[in-house]
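My numbering applies: residue 8 is where the sequence shown begins, and numbers increase by one. C-beta: ideal position from N, C-alpha, C; glycine also. Inspection log for the structure reproduced underneath, given as structure tokens.
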Amino acid sequence: MSFILLGLTLKFNLIGGLIFTGLFMLFITIFQIKPEESAMEKLFDQEWKDYVCNVRRWL
Numbered sequence: 008m009s010f011i012l013l014g015l016t017l018k019f020n021l022i023g024g025l026i027f028t029g030l031f032m033l034f035i036t037i038f039q040i041k042p043e044e045s046a047m048e049k050l051f052d053q054e055w056k057d058y059v060c061n062v063r064r065w066l
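Spelled out as structure tokens, the structure:
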């Protein structure tokens with residue numbers, strides 16, 4: 008989704024779109040990704056830690 012927003016921003020030369028894309032990524036990180044990561048760590052403990060060491064947050 009963030010790449011779609013960024014692509015539309017670049018295609019239509021929308022300066023505000025850059026700000027919106029950054030805010031969207033921040034919102035998703037705080038309210039979606041971090042809570043999911045906490046839940047995954049509780050469920051999978053060491054397997055999760057190994058996975059996090061090898062994979063970036065924003066694939």
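- The way I'd put it, the stretch 10-27 doesn't touch the stretch 35-48; fewer than three beta-carbon pairs between them come closer than 8 Å.
- The C-alpha of tryptophan 55 is placed about 13 Å away from the C-alpha of arginine 63.
- Look at methionine 8 here: in three-state DSSP terms it is coil, with no helix or strand label.
- DSSP, reduced to helix, strand and coil, places phenylalanine 31 within a helical segment of the structure shown.
- The beta carbons of leucine 12 and threonine 28 sit closer together than 7 Å.
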